[in-house]
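Everything on this sheet refers to the single structure shown next.
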Amino acid sequence: MSTRPVLAVVGRPNVGKSQMVNRILGRREAVVQDLPGVTRDRVSYDASWNGREFIIVDTGGWASDARGMAARIAEQAELAIATADAVLLVVDATVGITDEDEAVVRVLRRSAKPVVLAANKVDDQRLEAEAAGMWNLGLGEPHPVSALHGRGSGDLLDAVLAALPEAPREEDPEPGGPRRVAIVGKPNVGKSSLLNKLTRQDRSVVDNVAGTTVDPVDELVTLGGETDRFIDTAGLRRRVKEASGHEYYASLRTQQAAERAEVCVVVIDASETIADQDLKLLTMVEEAGKALVIAYNKWDLTDDERRRYLTREIERDVQAFGWAPRVNISALTGRNVDKLKTAVDAALAGWETRVTTGQLNAFLGRVAASHPHPVRSGKQPRILFGTQAQNCPPTFALFTSGRMDPPYVRFVERRLREEFGFAGTPVIIEVRPRQKRGK
Ligand code: GDP
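In my numbering, the protein residues as written are 6 to 444.
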């Protein structure tokens, strides 16, 4: 899969950014309103238009601080510029140009990023004249749209596609080339220390790979005779987390690193109680469909008592990720750091596994014979046929005679794992009930 280009949506609050994002995504879910002071876990979304896929970064709504609105918005634009291939600036045609809009424009001008200008809230033809006033921003043609009603959004998306780079930002890795590994985790769990240990232990940090934006973002590191590409190590080395807007920036960077990676090493501090944020990162990796290794770091700081507690915490909270290889490491002493490579390889192997249609259906037949789906309102849904639609991660389509209970689908997943392995990888099962005829 190639890396998709990134579109950042910027603009002051209340211009309808969230609505615009929803409009582009073609759905109403997930995006909260433009409330100042709201922090989000999720900041980027998969989008597509006319068969082209891209990623939308929604820059609205992270915690406000004491500084003025214009400064905050300029900062927002700056963050967006740093991470995006193109920027969609949303302004409110019914209000006209404000100081805050101009603050954003100044930042955008300094950058070389392509900008598409959306004059929003043009709900009917009468308002198109107001939209034309947005030429005065000096960013070129304003595209009149109504994010609320969808008016003009097709033309806007065409302009967005034209602004996004045609070629993927990163060429598809050649087969047999370096694997893409991301080290993720909440702040201070030891990610930078681990990276340093890995690069020091094996003195052949081959190269810095130039990023598309400004800094070298990846490093090629040779571990156990094989070269891996560590994603966005600049983020770990440069301590961007200490920069302003840190929470937002850190989560954006983490998400993007995970998107670009094939396998994520989620680092958790074993010396402290497992936190919500650790679990959210695990979920994020799973939802991104990446291979996963869990590294419990700072093992040197754990005593018997702490390890007993940790075991309980893992049983209680991390059980859903029981399929991920676990390594107890110390980035400080180097304990087990070499074992990470083995775990990463195992996870990647699971992620790439292909099961033939013959093997799969023989297996499904055995499962159905020993554990048929329970009867529901007099009917018993059956699996008619299954096929592995893709790997990386393994994704199965099950054609069925009716809807299946989610617990039954989870049961099938468990059995699939027992049968075929899939260590270290999410497994996706899509149930496709047979269409009723004559409708
Ligand atoms: P990051 O924010 O995840 O990159 O975390 P750092 O690598 O900056 O580490 C945070 C702190 O934990 C630093 O003071 C490290 O020296 C310390 N640290 C990291 N790994 C270990 C470890 O395995 N054992 C101990 N005792 N300290 C560690």
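Ideal Cβ positions, reconstructed from N, Cα and C, are used throughout, including at glycine.
Determine the DSSP secondary structure at Asp-223, reduced to helix, strand or coil.
-> Reduced to three states, the DSSP call for Asp-223 is strand.
In terms of alpha-carbon separation, which member of Phe-390, Thr-358, Ile-86 lies closest to Ala-373?
-> Nearest option by C-alpha distance: Phe-390.
Starting from the Cα of Val-417, find the closest Cα among Tyr-50, His-376, Val-270 and give me that residue.
-> Of the candidates Tyr-50, His-376, Val-270, the one whose C-alpha sits nearest the C-alpha of Val-417 is His-376.
Give the range of the beta strand (DSSP E) segment to which Pro-149 is assigned.
-> Where Pro-149 is concerned, the enclosing beta strand (DSSP E) stretches over 147-149.
Under 8 Å between C-beta atoms of Val-268 and Leu-353 | In contact: Val-268 and Leu-353 (Cβ atoms closer than 8 Å).
Give the secondary structure of Lys-344 by DSSP, where H, G and I count as helix, E and B as strand, and everything else as coil.
-> It is helical.
Taking 7 Å as the cut-off, is the CB of Asn-193 close to at least one heavy atom of ligand 1?
-> Checking the Cβ of Asn-193 against ligand 1 gives yes.
Per DSSP, which one or two residues make a beta bridge with Ser-53?
-> DSSP output for Ser-53 lists Glu-58 as bridge partner(s).
Whether Leu-122 touches Leu-153 by CB criterion (8 Å) = Contact: no.
For Gly-391, the three-state DSSP class (helix, strand or coil) = The DSSP-derived three-state label of Gly-391 is strand.
Among residues of its own chain, excluding the 5 on either side of Arg-439, which ones have a beta-carbon nearer than 6 Å to its beta-carbon?
-> Only Ser-406 meet the Cβ criterion.
Proximity of Leu-297 and Val-290 at Cβ, strictly below 8 Å | Against a cut-off of 8 Å, the Cβ pair of Val-290 and Leu-297 comes out as a contact.
State buried or exposed for Asn-141, treating a residue as buried only when at least 16 other CB atoms are found within 10 Å of its CB.
-> Exposed, by the Cβ-count rule.
State buried or exposed for Val-15, treating a residue as buried only when at least 16 other CB atoms are found within 10 Å of its CB.
-> Per the 10 Å Cβ criterion, buried.
At a cut of 8 Å, does the stretch 296-313 reach the stretch 330-344 through at least three beta carbon pairs?
-> Verdict: yes, contact present.
Examine ligand 1 and report whether any of its heavy atoms sits within less than 7 Å of the Cβ of Ala-336.
-> Yes, the beta carbon of Ala-336 sits closer than 7 Å to at least one heavy atom of ligand 1.
Is the closest heavy atom of ligand 1 to the C-beta of Glu-198 under 7 Å?
-> One point to set straight first is that residue 198 is Ser, not Glu, in the sequence displayed. Yes, Cβ of Ser-198 sits closer than 7 Å to a heavy atom of ligand 1.
Is any heavy atom of ligand 1 found at a distance shorter than 7 Å from the C-beta of Asn-27?
-> For ligand 1, no non-hydrogen atom lies closer than 7 Å to the CB of Asn-27.
In or out: Arg-371 buried (at least 16 other Cβ within 10 Å) or exposed?
-> With a 10 Å radius around the Cβ and a threshold of 16 neighbouring Cβ atoms, Arg-371 comes out exposed.
Which partner residues of Asn-302 appear in the DSSP bridge assignment?
-> Beta-bridge pairing links Asn-302 to Asp-274.
Under a three-way DSSP split, which group does Lys-384 fall into?
-> Assignment of Lys-384 by DSSP, reduced to helix, strand and coil, places it in the strand class.
If you measure from the CB of Lys-1, is any heavy atom of ligand 1 nearer than 7 Å?
-> Given a span of 6 to 444 for the chain in the structure shown, any question on residue 1 remains unanswerable.
Would the beta-carbon of Leu-241 be found less than 7 Å away from any heavy atom of ligand 1?
-> Of the heavy atoms belonging to ligand 1, at least one sits nearer than 7 Å to the Cβ of Leu-241.
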